[in-house]
Structures are given as C-alpha cells and as structure tokens.
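Here the structure is laid out as structure tokens; the discussion comes afterwards.
There are 2 protein chains.
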Amino acid sequence: MKNTKPYQPSHSYVVILAGGEDNNFWPISRSNYPKQFLDILNTGETLIQATLRRFQEFIPTENIYVITLEDYIPIVTEQLPKLAQENIISEPERKNTAASITYISSKLNQLDKDANLIVAPADHIIGDEKTFQDNCKNGLHFTAKYDVLLTLGIEATHPDSKYGYIHFGHEIVGDEDVLEVYQFIEKPDVDTSRMFLEAGNILWNSGVFIWKVSALLQAMAEFQPSIFQLFDKVKRSLNTSIERSVIKQVYQKCASISIEYAIMEYARNVYVIPSNFKWNDLGTWTHAYERFQKDSLSNAMNDSNIIAKDSSNCVIQSHDKKLFVIGGVHDLIIVNTPDALMVCHKNKESEVKEYFNAVKQEKGNSYL
Amino acid sequence: MKNTKPYQPSHSYVVILAGGEDNNFWPISRSNYPKQFLDILNTGETLIQATLRRFQEFIPTENIYVITLEDYIPIVTEQLPKLAQENIISEPERKNTAASITYISSKLNQLDKDANLIVAPADHIIGDEKTFQDNCKNGLHFTAKYDVLLTLGIEATHPDSKYGYIHFGHEIVGDEDVLEVYQFIEKPDVDTSRMFLEAGNILWNSGVFIWKVSALLQAMAEFQPSIFQLFDKVKRSLNTSIERSVIKQVYQKCASISIEYAIMEYARNVYVIPSNFKWNDLGTWTHAYERFQKDSLSNAMNDSNIIAKDSSNCVIQSHDKKLFVIGGVHDLIIVNTPDALMVCHKNKESEVKEYFNAVKQEKGNSYL
C-alpha cells in the first residue's frame, strides 16, 4: 500500500445502491425486507448502516446518497436517520444499476460539474475498513485527474461465475496503486473463469466504482445512448419539485441492464485499484458462514437457545425465542424466523431459488 | 386363528396404564403432556382415546379403569369424558408398573373375587384391532379357567434390547392359541437377544397381560412380598373415602419396579398368546415413521405448510403455522412446536435423551 493521496471532500460524493431484492438469506431476507437492511452477521449494525458509516468517516454526510426502490424508502429513513431526506433517492421501479447510476449522476451533474462519485452496493462486508477507505481516497485522487472508469479489484481465489473478471496490465506512473485494465468480462462461465484464473493478472470486480459523473455520463452516452438520452432530456427537471413525476416516466421507458453489461465491458478507459480489504459480497448463507463466529465444531449459531450436539459445520440461526435441539447433523443451514423455517444442505443452497417457485405456487408470495 | 372362545364380560376388566412419562417424542411429548395423550400419527384420536375405544367394543365401560399419575388426572378426564370419575385412579407418585397393577388389582379384588383383568399400556398402536380383540377374548377365556399369568406375544423381528423375550413351548390342549412359556427374559442385551432370535421359538412381550386379579396378587405375594403386603394391609380402606390418603402412604414406602422384573421373570405359570395384530409400541420417532403416511420420497409430513425438495426418508412434523422449506436432506427427524424445534439424524435418535441433559443444564426443566 502506497501513501494515501489527497482528494477533495467537497467534490466527492457517494451513492449507495440499496434497491436490490435478495432472498438468498431467506427466510430472514424477504422481498419486502432484503438483506441490505439486515444484520446478517449479528454485528449490531445492518449492512446498509455499516456501509454508510464507512463512508461518513471520509466523505461529508451531505454528499452521501442512497438510491433505492420506492417501497424501501421507509426502511432507509428509519435505519439511516442522519441522512437528509433529499439524499434518499426513490426509484419508481427496479431497472437495475445502469438506470440507478445514470439517474444519480445526472442529478449530481446539475449540482456540481466536478462531482467525483463512489458507487457502492449497500450489502457488502468489508473486513479492513481502513484499507478500503484508503483505496477509495486514492481512487478519488485518480479520477479527479482523469476521465476514467475506476473499480476496486479483489483477489480472485477460485472459479466463480457470478463475478466480473478484470484482466489488468501495467501500473500507472504517478499513481502506482492503479492498474490499467485490458478487459472486463462480466460473469464468464465457470470454465472460462478457471481459464482466466490460470492465466493470471486477474481480479474480481468488487462492485465499488469511482468516477467523475461527467465521465460516467460520457460512457453512457457512447455505449447506452437510449438510456443516456432518457435522463439527459429531463436533466433540468432534476432537483426540482417535478423530479419524481418526470423520473417515473423515464423509468417506464428505461432498459433494465447492469452497469457492468452496460459500459464496463465496452469502455476502453477502465482502470482498477487492487485491494485487499477482505471483501465478502454475502451472496449466500455459505458465503456468510465464513464470516460468522463459530463454535469448536464449526457451527455458526446466533442464539443461546440453540443446543447442538454431535453436529458440525452448520449455520444455525434463530430469530424467535424457540428452543433448538440439533443432533447428529452436518453441513446444514438451519434458519428460523417467526413465520418460516429452512433446513437445507449446504450443497443444495444454490437450488433454494427453485424451492421458492414451489413456495410461490403453493403459498403465493406472502412468504417470499 | 382359532374361533373366538366365550368370556364373561361382567367379570372382565381392563386397566389402562397411563402414568408413563416419555419424552422420546420431544418436542411434541413433554413431561407434563406425555405421548399417551397425543395423536402422534395424526389419526384424529390420541393414543389413550384409541386404547379406550378398542376395549369399549367388548368390555363394559364401567369395567374399564385408567391408572395414572395425579398430575395427569385433568388430561385423562378431559380426553376420556365417557369414563366415570371413579374409574380414573390417581397415583400419588410414579412407582412403576408393579405398584400400579397391584393397586388396581387390590381394589378390584375387593369388588369382585372373580375379576379377570386385562392390563394394557395407554400408548401402543394396534394395527388389526379385530385380531387384538379376539386375542384378548380368548385370553380372558383361558385365565378365567386357570390361575395363570398370560401375555400377548408379538413376532420378534430383529435383535432389540428394549423388549421382553418370551421363549415358548407347546400349545395348550383345548386352548390351542395359548402356548406355555419356558422363560421370560426382560430386556436382554443385544447379543443375547440375537442369540434368542436365532434359537427360535421366541416372541416379544407386548406389555398386554391378562390374569385373574387373584392370580396376580398370588404371584406378587410370592415374589414381591413387601409390595404385596403394603397393599394387602390397606385393602379394606380401598374403594372408601380414605383410599387416597392411605394410598399416599403406601406409595411412599413402595419399591419402584416393573411388573416384568417383579414377577414375569420368576413365575412358573406364565403363558402366551402369539398375536399378529401389527403392534407398534411407538417407542421413538423412527418407530412411528414406519406407521406414518409418506410421500413418494418416503417423507412423513403432517402439514401442508411443509415443502420438501431433494429430500427423502425424513420425519417432518410441524405443530405451528410456520412455513417449512426443506432441501437436500435425508434421514432426518424435524419436529417443530410453538416453543421448540428438533432437527436430529435418525441414527442419533437414541441419544436424544443425552441432549436433554444439556437442555436441563442450560434451560432448566421448562422445555422437557
């Protein structure tokens, strides 16, 4: 790690993407209460609260925005009471991250032509917060100087088809913690991801991006002109009383695409800061398992009402006052809430989504 | 099966032993609500209700008694409303079956010197009720004629150290469905039980006994004189207003021993009726599993709120309205009640009692 470079807090902004729906942590996470609003790891903070706090330590709170689905506004308002209401941006419908990022970038571009923006998911776990913050500061220093698209890259440890793969090249002279990017490949299949890993010079995309809003809008104009133009046409209505009704119409027409597929695979001005802050995107219970406190038989239990005997390597999480007696089981995920219980073998976790189709068919959406 | 022989209903009595405490069906069964009062198999009747009904079909209801621990009297009264209060006998403390049977036999002996008594556990499952009833009638016919101790024997199918083993001999001339018994061995170890099985001419003791109360008291006098004398001394106070206070003192002094260990292993006048009425003593969830309705993957589920995928050979029983999603598990016992949940591998079920020691230590008795 090189020394931290100077950045300009007053022109530095953050947008926390908090509109995602995720039932990978079912039955704790639900469509109407997804994981960013939960304290999955029992830390005392929900994931979005931890995300906000991490940025507040080096970005002025008035420069931090949350963008989320309309339905989640009351939860965000309740969980982040220090955030001003105008910093909580409501999306009328779910149109993926390209829309969210273009929307907030268009707003900020009206307020501050030099706005330098960190884009961060609301639901990631960051192990070493100081390192993360230093990476962000150095990123802001770099993107203030150049019209580039910068991402924080994570050491790729195994073939995994759900991440973006970054094939990096040389260090940048004068900003040696930044590397040029040859290719950004979103979610390759497992064989391709294995090939990349073996070839070396590969990082995973963390989902944390840094860029000037002007650079982002430039990239959108070039690679996603229809989305860009929808927002560009209404830019003078943003930050005014008619913003909400205008945005509702924009979202109706807007394509749903992730920022990675929208621009990162195409752009030639992509750069990466290799990071080692222990990142976990908490994709599944099995991912979370690695981060839980565990007993001597490697059971991750969140409650003193759980008694596990002859059992190992289980995630056992209870969210009501029920007594649990667990005996002779291994590698299970057992999660209990007041209205639902899941007992699932770890190696079947990826099929939980299919189980939900059965739930939906038999019970409707009320449990999801 | 031979033809049914005549018996005298007016001198025929039943005592249903209902004082047992059993937490093998935890968390459904509890110390204060043991399994005889539960409808484990979801038949619409609790086990004791089914037991009473089976006898009511051939024994006058006024001749049917239930003997149980004082604490369970309200449950018995509620579940068996057709039984007169004087037919529900209260035991001041738990002193095992020799005491219970000597007590009711002493009472009946005061009322009817020819009383011919069927002793039956409250918590057994009988598959073919007609055959069972015919066996009982033939037993009553036989014990009315002879001063013998008769038991119903069950085909022994595997080495099991928790049953009594009956080594039988010849048929009785004139009562060909009755066999003489060479030896009654209560709960041999598994190796011995295997040896018995291989030797042949072996039946399991069903726990259903038939005898004249005079024959039973004679056997108690011979093999357990101290217990016999405790009850014999107070026999004139039985069926009077001072019975309860007298019995309280008797029970304080009475040894705690099962009827099998007390007399069946010693007596030389033991006989057996081989029966094939599909008997199940519902000792454990695994025993009960055999009797449950099962889905195409052999899961025994009691509730439409249970969705099981990629799972097989499980007992999944829910007793609250919670949605269950079960995925990728096999051979598990999953039982849910409003205040407790058990997830246990079938091959660890015998260790559940040890788990309870942990519960007791950590949570006290309230969950047991």
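Sequence lines, in order, name chains V and G. If you read the first sequence in the numbering used here, its first letter stands for residue 1, the second for the next number, and so on. If you read the second sequence in the numbering used here, its first letter stands for residue 1001, the second for the next number, and so on. Beta carbons are placed, not taken as given, at the ideal position from N, Cα and C, and that holds for glycine.
| query | result |
| --- | --- |
| For S1012 (chain G), count neighbouring Cβ atoms within 10 angstroms of its own Cβ and tell me buried if that reaches 16, exposed if not. | buried |
| Along chain G, in chain order, which residues have C-beta atoms closer than 7 Å to that of N369 (chain V)? | Residue 369 (chain V) lies beyond the residue range present for chain V, which begins at 1 and ends at 368; the question has no answer from this structure. |
| I want to see whether chain G comes within less than 8 Å of I334 (chain V), judged by CB atoms only; does it? | yes |
| Tell whether a beta-carbon distance below 8 Å holds between I101 (chain V) and Y65 (chain V). | no |
| Taking C-beta pairs closer than 8 Å, name the residues in chain V that I1126 (chain G) reaches, listed in chain order. | Neighbours of I1126 (chain G) on chain V: none; closest Cβ ~30 Å, over 8 Å. |
| Cβ closer than 7 Å: which chain V residues qualify as neighbours of N1347 (chain G)? | G328 |
| Looking only at its own chain, which residues have a Cβ that is under 7 Å from the Cβ of N1201 (chain G), when we skip the five neighbours before and after it? | H1167, F1168 |
| Comparing the C-beta of I1227 (chain G) with each C-beta of chain V, is any distance below 8 Å? | no |
| How far does the alpha helix (DSSP H) with K107 (chain V) in it extend, from its first residue to its last? | 96 to 111 |
| So is E1362 (chain G) in contact with chain V if we call contact Cβ pairs under 8 Å? | yes |
| Would you say L341 (chain V) faces chain G, with C-beta separation under 8 Å as the test? | yes |
| For I1125 (chain G), list the residues DSSP reports as bridge partners. | G:N1280 |
| Looking at the structure shown, is Y163 (chain V) part of a helix, part of a strand, or coil, going by DSSP? | coil |
| Could you check if E1349 (chain G) is buried or exposed, using at least 16 other CB atoms within 10 Å of its CB as the buried criterion? | buried |
| When you compare only the Cα positions, how much space is there between C1344 (chain G) and N1313 (chain G)? | 13 Å |
| In angstroms, rounded to a whole number, what distance separates the CA positions of P1034 (chain G) and D1189 (chain G)? | 27 Å |
| Against chain G, does S12 (chain V) count as a neighbour if the rule is that its beta carbon must be under 8 Å from one of theirs? | no |
| Check whether the Cβ of C344 (chain V) lies closer than 8 Å to any Cβ atom in chain G. | yes |
| Report buried or exposed for R53 (chain V), applying the criterion of at least 16 other Cβ atoms within 10 angstroms of its Cβ. | exposed |
| Is the beta carbon of P159 (chain V) sitting closer than 8 Å to the one on R194 (chain V)? | yes |
| Return the residue from the list G:D1320, G:V1015, G:E1155 that minimises the CA-CA distance to F1277 (chain G). | G:E1155 |
| Excluding the 5 residues flanking V315 (chain V) on each side, which residues of the same chain have their C-beta closer than 6 Å to its C-beta? | W285, Y289, A300, I333 |
| Between A219 (chain V) and the rest of its own chain, which residues show a CB-CB distance below 7 Å, the 5 nearest in sequence each way excluded? | L149, I263, A267 |
| Compare the C-beta of N367 (chain V) against all C-beta atoms of chain G and say whether one is closer than 8 Å. | Strictly speaking, residue 367 (chain V) in this sequence is Tyr, with Asn absent from that position. Answer yes: the Cβ-Cβ gap between Y367 (chain V) and chain G drops below 8 Å somewhere. |
| How big is the Cα-Cα spacing for D232 (chain V) and S106 (chain V)? | 7 Å |
| How would you write the range of the beta strand (DSSP E) that L297 (chain V) sits in, first residue to last? | Taken as a continuous stretch (DSSP letters only), L297 (chain V) belongs to no beta strand (DSSP E), as it is neither H nor E. |
| Suppose you measure from the CA of N205 (chain V) to the CA of N357 (chain V); what does that come to, to the nearest Å? | 30 Å |
| Within a Cβ cutoff of 6 Å, which residues of the same chain sit near A41 (chain V), ignoring the five residues on either side of it in sequence? | The sequence shown places Leu at residue 41 (chain V), rather than the Ala named in the question. If we look at L41 (chain V) and ignore the five residues flanking it on each side, its Cβ neighbours are R291. |
| Starting from D1232 (chain G), trace the alpha helix (DSSP H) both ways and give me its first and last residue. | 1225 to 1233 |
| Confirm, please, whether the CB-CB distance from D1339 (chain G) to L341 (chain V) is below 8 Å. | no |
| According to DSSP, Y1251 (chain G) sits in a beta bridge with which residue or residues? | DSSP lists no partner for Y1251 (chain G). |
| Could you give the C-beta distance for L70 (chain V) and Y251 (chain V), rounded to a whole number, given that I count them as a contact under 8 Å? | Residue identity differs from the one stated: residue 70 (chain V) is Glu in this sequence, not Leu. E70 (chain V) to Y251 (chain V), Cβ: 10 Å. No contact. |
| Identify every run of the alpha helix (DSSP H) within the region 49 to 96 of chain V, keeping only runs that are complete inside it and at least 4 residues long; order them along the chain. | 73 to 79 |
| Where N1096 (chain G) and A1122 (chain G) are concerned, what is the direct C-alpha to C-alpha distance, given to the nearest angstrom? | 14 Å |
| If you follow the beta strand (DSSP E) that A262 (chain V) is in, where does it begin and where does it stop? | Neither: A262 (chain V) is in no beta strand (DSSP E) and is coded neither H nor E. |
| Using 10 angstroms around the beta-carbon of P1006 (chain G), count the other beta-carbons present and answer buried if the total reaches 16, otherwise exposed. | exposed |
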